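To keep things clear, I will list the structure first and then write my remarks on it.
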Amino acid sequence: MSATVSSSSTINLLPKETMTTAAASSAAIPTSTRNFTCIDLSDFDNRRDKIVADLMQASTGDGFFYVINHGIPIEDIRSMFQASVDFFALPDDIKRKYPMDISRNAGWEKLAQIRPSTGVADLKESAQFSFHGIEDLWPTEQDAPDFRTRSEKFMVQCHEVSVKLLTCLALGLGFQEDFFTRCHDITQPDILNTLRCLHYHDITGQTFPNCYWRAGAHTDFDTLTLLFQRPGENGLEVCPGREASTEFGHGDIWAPVNPKEGEIVCNLGDMIMRWSDDKFKSNFHRVRAPRVGEYQGPRYSIAYFNQANRSAIIQGRDRYPEPITAGEFLLRAVERNYNALKALKESQTKEEEKA
Ligand SMILES: O=C(O)CCC(=O)C(=O)O
Ligand SMILES: [Fe+2]
């Protein structure tokens, strides 16, 4: 893609891609409001039945919900955001020392993630970290003081919230209560849980063709995502996804997801959708590129992805009885994305030839 990035945090994109019909239609769709279930984790041990019931309602419907009284102090969330802001403020030459390594799903990348729903790279940079095997991908103390310490503390805090939610989700599906927590064991070297810091650049005064998104429509490959965002830096939208008229979520009704500060936005991913034989919905979501007249300053968000241990078996009970490992599941998901992207590029080439 033809992107030039200025030295400041403002990003200048000089797009020449032709907008595809599919991407254009997704941009034109009006949004609606949708009330998402709020899961209250306070007094967890005594309120478990109620939490399970609330989670079942949210998981079989929107696939998105807010979590409150989760136990992560607001100061720690702010501190993690500050660590992320400081990291992304470093010159690219420093961040490039920690490049994205696809095989480990960790590291830094910029204007690189291309979604099959758009065919062009998301307007963002991101840095991902996992629990094991990424010594060389953690920014050093010299480059980013305290970044690793704060991130690792935050990952453990996210894990603790996840354990509560995964326990209730297992109970709701009729599994043993530790069914999912055993499959997301952060002490194991093959755990795939990831912390992803995201920075959507300041695009003040800029207009982009409709095929450009801060994050193009997608579902998450994982089991459960915890997402943190800051007040005023909105843009996340969800569509009913699996009721969607097309596979990549085009042409449907999108609803904004604007939590209050400190609330965690959670969504279910493709792994648990399979485990639940499609009872739980892994729904499409995206982050809109704000238009001139709206707040177009930077957006920072932080996602914690619960992805099953590579060796865990993801098997349904009726619709998906084939036992496959999480490793194999991810390979298939990546392959599906690759093929969809290839098909999109081919159809774009044909359109260009016709024109
Ligand atoms: O930044 C956001 O709000 C969403 C990020 C997201 O959906 C993802 O990274 O999978
Ligand atoms: Fe996502």
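The sequence shown runs 1 to 355 under the UniProt record's numbering. All residues carry an ideal CB built from backbone N, CA and C; glycine is no exception. All values reported here derive from a predicted model rather than from experimental measurement.
Buried or exposed by the 16-neighbour rule on C-beta atoms within 10 Å, applied to residue i
{"i": "T4", "result": "Residue placement at T4 cannot be trusted, given a pLDDT of 34 that sits under 50; what the coordinates show is reported in the next sentence. Its Cβ having fewer than 16 others within 10 Å, T4 is exposed."}
{"i": "Q296", "result": "buried"}
{"i": "R96", "result": "exposed"}
{"i": "A343", "result": "exposed"}
{"i": "A355", "result": "exposed"}
{"i": "T223", "result": "buried"}
{"i": "A23", "result": "Note that A23 has pLDDT 42, beneath the 50 cutoff, so the model's placement of it is unreliable and no number is given."}
{"i": "R319", "result": "exposed"}
{"i": "D136", "result": "exposed"}
{"i": "L226", "result": "buried"}
{"i": "Q307", "result": "buried"}
{"i": "I102", "result": "exposed"}
{"i": "P189", "result": "exposed"}
{"i": "R332", "result": "exposed"}
{"i": "A53", "result": "exposed"}
{"i": "V334", "result": "exposed"}
{"i": "L301", "result": "First, the amino acid is wrong: residue 301 is Ser here, not Leu. S301 should be labelled buried."}
{"i": "T194", "result": "buried"}
{"i": "A89", "result": "exposed"}
{"i": "T349", "result": "exposed"}
{"i": "S176", "result": "It is worth fixing the name first, because residue 176 is Gln in this sequence and not Ser. Exposed."}
{"i": "S311", "result": "exposed"}
{"i": "K50", "result": "exposed"}
Nearest residue (CA-CA) to residue i, options the options
{"i": "G61", "options": "A326, M273, K350, S311", "result": "M273"}
{"i": "I74", "options": "K260, N306, F87, G107", "result": "K260"}
{"i": "C168", "options": "F221, Y338, R317, R48", "result": "R48"}
{"i": "R291", "options": "D185, P321, N234, E135", "result": "N234"}
{"i": "D185", "options": "F221, D101, Y338, H132", "result": "H132"}
{"i": "Q57", "options": "K281, N306, A340, L344", "result": "K281"}
{"i": "R317", "options": "G327, H285, R332, K279", "result": "K279"}
{"i": "V163", "options": "A106, F179, V238, R148", "result": "F179"}
{"i": "E125", "options": "E135, D190, M100", "result": "M100"}
{"i": "G107", "options": "E322, W138, R148", "result": "W138"}
{"i": "F221", "options": "W275, G205, P256", "result": "W275"}
{"i": "R214", "options": "T349, I51, V287", "result": "V287"}
{"i": "F87", "options": "I203, E346, H199", "result": "H199"}
{"i": "F64", "options": "P321, C239, S301, E141", "result": "C239"}
{"i": "residue 362", "options": "I51, P323, F284", "result": "The chain is shown only over 1 to 355; residue 362 falls outside these bounds and no answer can be derived."}
{"i": "I114", "options": "T149, I314, N339", "result": "N339"}
{"i": "N69", "options": "I39, N46, K50", "result": "I39"}
{"i": "S84", "options": "T187, D146, N258", "result": "D146"}
{"i": "S42", "options": "S347, V67, G327", "result": "V67"}
{"i": "A217", "options": "P321, N337, C158", "result": "N337"}
Reduced DSSP category for residue i - H, G, I as helix; E, B as strand; rest coil
{"i": "C168", "result": "helix"}
{"i": "W254", "result": "strand"}
{"i": "D318", "result": "coil"}
{"i": "R44", "result": "Note that residue 44 corresponds to Phe in the displayed sequence, not to Arg. Helix."}
{"i": "F154", "result": "helix"}
{"i": "H159", "result": "helix"}
{"i": "E351", "result": "helix"}
{"i": "G119", "result": "coil"}
{"i": "T149", "result": "helix"}
{"i": "D54", "result": "helix"}
{"i": "F329", "result": "helix"}
{"i": "Y300", "result": "strand"}
{"i": "T4", "result": "Confidence is the limiting factor: at T4 the pLDDT is only 34, short of 50, which leaves the residue's position unreliable and the question unanswerable from this model."}
{"i": "N306", "result": "strand"}
{"i": "Y338", "result": "helix"}
{"i": "A144", "result": "coil"}
{"i": "I134", "result": "coil"}
{"i": "residue 360", "result": "The question about residue 360 has no answer here: the residues shown for the chain are numbered 1 through 355."}
Residue i: CB within 7 Å of a non-hydrogen atom of ligand 3
{"i": "V287", "result": "The ligand content of the structure shown is limited to ligand 1 and ligand 2, which means ligand 3 is not among them."}
*asked:* Could you check whether the region 153-160 touches the region 64-82, counting it as contact only if at least three pairs of C-beta atoms, one from each stretch, sit closer than 8 Å?
replied: Put simply, the region 153-160 touches the region 64-82. At least three CB pairs are less than 8 Å apart.
*Is it true that the region 110-120 meets the region 209-226, where meeting means three or more beta-carbon pairs spaced less than 8 Å apart?*
Yes, the region 110-120 touches the region 209-226.
*Only counting runs of 4 or more residues, tell me where the alpha helix (DSSP H) segments fall wholly within the region 57-110, in order along the chain.*
Counting only runs of 4 or more, we get 74-88, 92-95.
*Just list the beta strand (DSSP E) runs in the region 168-238, keeping only unbroken ones of 3 residues or longer that don't cross its boundaries, in chain order.*
Taken in chain order, the whole beta strand (DSSP E) runs of length 3 or more contained in the region 168-238 are 194-200, 215-218, 224-229, 236-238.
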